[in-house]
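Residue numbers (our numbering): 420 to 1226. The beta carbon of each residue, even a glycine, is placed where N, CA and C say it ideally should be. Heads up: the structure comes next, in structure tokens.
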């Protein structure tokens, strides 16, 4: 507010002394978004914009602006990928060593096999790297009243300042409607700028690495276009041979000249930049001319292009609205908000971060689901190559898409897995001698499982495809889309289940034995190896997959013989173990001691989403799960949250599903305090390492505290944090094809409006006994009510039902 007041005073003074009447208006502070007071000191603090295919990172320097341009498929090919090792030929050897208790020796077998097959070293997936930078140089001058901002509803990243009495503005968004980066430079007077497309800076010690992967880089500036193309040295079928980008620069008035690969524009009324980036699968046939033609065909200005983009992006963002009551913190500049949160967070700060986190995930979901950095990279050496880590990271990144009522975005997750299925089949065959599919822990340009060593025994992990299947089947539970289930989700689930038919072996007690087995990424307290037998998570994943496959198979017409086989397999699953501390054990065999000081909570997988029936029906297991959470929280509390925020988010989801409001609230507060960047991106660790996982996990935890759902069951406010005395949420989706049109609460009760897309009866549980109830349609109340905590409601197709509940 203070900043905007100064802008208007300065511009009014300008009019008075110069007589200029056509004065540009200062940017309005976004209702949903944030304002920052200084340019980004590094790429991790840049303003973010994206359409799920292209990403942009805006530093915001007035005179030497950098916009990092990313593409969802732009991974640097470090080597032509090798197929998975022939681990299957040594599976009996691995199992024998495990049976003898020689777990480290078992983990060394795949490494030995990789050396025999010419791997030479531990292989990493291809890293996600910047495509190029838009370099914008503008005349220097004294800068006053600077600000930069992001509008979550429009996807715009904006920068403005006063210079020599003139207002100068730059705006940028990446259009979902037109697959286009759009940037405008304008002001209260003529604008002058020099623009070029540049290679992202390379450090002196990175040149050998870069030159070993990139064959050529070509840039140009002529005839109103800037071009940038990069060709890779290593090429293989199905992977891009390079990328090409074209920016059309439109000057309204002014003088245009060229100097090398720079375009210089002097005294223009406005400068408009339209840019596209595409992968090239045949670099001998350049796409530059086609890109130029496509950009020439665009005859719309900034505002019209923004309008059609906003219709799509804004609709996605506005599907859900959280209101935790206004506070003074909501108007803080982003840097101040983050610092304030470090001292003590508040409902107003959490509400702002909820919006920011959803914005980050929406903007980075499209061609692919979000990778470790979403769709943004400002480094040639991103941590863990910034690919897709399937033992937790990407699953948390997409965890809010369904409850936030954006199910169409989850199709990016399905699309990626479908493209990778040939690789996944090779993993199953070559690593385990099995049919079906195995999803590796790490992937990017391909899906072969190539990343492992004797410490991180990832070639022995089998749970990835089952975990992905659970997320995909949840799409059906939310939407009821049988066609998509039959044509896309179920075929993936079926192949994931086929793997277990071949992989599992029978133990002496008639139960299946999961060997080798792996609980990401933990080591038993009394072992020196991560490879084990019967990791609890592996059993949970298989049980959920088989249950869901049977249910889905009946819906899509699977053969009875196949369904019977899966039903029999379910009866032979090993039982879970409660350890001597009363906690659910992470490994079922008694010889493995739990290691509580760890960032993952893999053995609580059965409580991540829908609470598994074996837990719902067993008070003993529920108590043991709660104890396991408490034991892990000791480690987290000692580190103020600690490293790996996605594990923290998972624990928050579990706590909410266990109706533990204290721990769920504690975790929400931790994430709010320590895991947001100055530009409201998110971190992997407390205060460092740009990472988007928790941008998905943070809103997911919040929504789980407000409602839990299964088909036919809704729990309202199951784990509402105590600090949120009043609030509301609108538009949240529930399993069973139900939308919470609005849920509001205070200390005296709640009001909820439910709308179903089908006729159904639903059990609705309240957080405490009902003192009084009013229903918008009395015929909708079937049973329950005053004196109980449960009502049964008849929801008719597309007919909202509102309940006013007094406690």
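Nearest-angstrom beta carbon gap, residue j and residue i [assumed within contact, 8 Å]
i	j	result
residue 748	residue 768	5 Å
residue 1189	residue 1171	Not quite, the Cβ-Cβ distance comes to about 12 Å (not below 8 Å), so this is no contact.
residue 869	residue 542	4 Å
residue 1224	residue 1213	Contact flag wrong, Cβ pair sits at about 17 Å.
residue 1043	residue 976	39 Å between Cβ atoms; not a contact.
Reference residue i, options the options, closest by Cα
i	options	result
residue 640	835, 607, 678	678
residue 776	491, 1083, 1101	1101
residue 1173	538, 1151, 918	1151
residue 490	582, 954, 695, 702	695
residue 568	479, 548, 494	479
residue 974	816, 903, 825, 933	903
residue 600	1129, 545, 710	710
residue 1069	1059, 759, 1080, 1018	1018
residue 722	594, 634, 616, 1133	594
residue 1039	1063, 461, 1096, 995	995
residue 571	481, 733, 827	733
residue 890	945, 788, 844, 925	788
Sequence-distant residues of its chain with Cβ nearer than 6 Å to residue i (five each side left out)
i	result
residue 1148	741, 1125, 1162
residue 422	Per-residue confidence for residue 422 stands at a pLDDT of 43, beneath the threshold of 50, marking its modelled position as unreliable; the derived number appears in the next sentence. So the qualifying residues of the chain are 566.
residue 636	618, 649
residue 1228	Nothing in the structure corresponds to residue 1228, since the chain is present only between 420 and 1226.
residue 1021	938, 939, 956
residue 1128	1153, 1154
residue 692	602, 666, 668
residue 646	639, 665, 707
Secondary structure of residue i, DSSP reduced to three states
i	result
residue 689	strand
residue 660	coil
residue 440	Low confidence applies to residue 440: its pLDDT is 36, below 50, so where it sits in the model is not reliable enough to give any reading.
residue 868	coil
residue 766	helix
residue 1209	strand
residue 581	strand
residue 654	coil
residue 1168	strand
residue 1038	helix
residue 845	helix
residue 790	strand
residue 1095	strand
residue 859	coil
residue 593	strand
residue 931	strand
residue 1215	coil
residue 732	helix
residue 995	coil
residue 702	coil
residue 1015	coil
residue 1116	helix
residue 1010	coil
residue 1044	helix
residue 1185	coil
residue 1149	strand
residue 970	helix
Same chain, Cβ closer than 8 Å to residue i, neighbours up to 5 away in sequence not counted
i	result
residue 1087	769, 1071, 1117, 1120, 1121, 1124, 1140
residue 1209	1182, 1183, 1184, 1185, 1203
residue 653	496, 497, 498, 499, 632
Any C-beta of chain B under 8 Å from that of residue i
i	result
residue 1213	In the structure shown, chain B does not exist; there is a single protein chain.
Proximal residues to residue i (C-beta, below 7 Å), its chain only, five neighbours per side dropped
i	result
residue 441	For residue 441, the predicted model reports a pLDDT of 44, less than 50, meaning its position is unreliable and no value from the coordinates is stated.
residue 943	951, 1006, 1011, 1012, 1014
residue 1215	1178
Between the region 1110 to 1130 and the region 1072 to 1084, are three or more C-beta pairs nearer than 8 Å?
yes
How do the region 451 to 459 and the region 655 to 662 stand: do at least 3 beta-carbon pairs fall below 8 Å, yes or no?
no
Within the chosen definition, does the region 795 to 808 reach the region 1175 to 1184 through at least 3 CB pairs nearer than 8 Å?
No, the region 795 to 808 is not in contact with the region 1175 to 1184.
Between the region 878 to 888 and the region 952 to 963, do three or more beta carbon pairs fall short of 8 Å?
yes
Does the pairing of the region 603 to 611 with the region 576 to 591 give three or more beta-carbon distances under 8 Å?
yes
Quick test of the definition: if touching needs 3 or more C-beta pairs under 8 Å, does the region 894 to 910 touch the region 938 to 953?
no
Count Cβ pairs between the region 508 to 523 and the region 856 to 865 that sit closer than 8 Å; are there 3 or more?
In short, these stretches do not touch, since the Cβ pair count stays below three.
Three Cβ pairs or more, each shorter than 8 Å: is that satisfied between the region 807 to 818 and the region 503 to 514?
By the Cβ criterion, the region 807 to 818 is not in contact with the region 503 to 514, since fewer than three pairs of Cβ atoms, one from each stretch, lie closer than 8 Å.
Under 8 Å: do the region 463 to 477 and the region 620 to 630 share three or more Cβ pairs, one atom per stretch?
no
For the structure I just gave you, are there three or more beta carbon pairs, one from the region 919 to 932 and one from the region 840 to 859, closer than 8 Å?
yes
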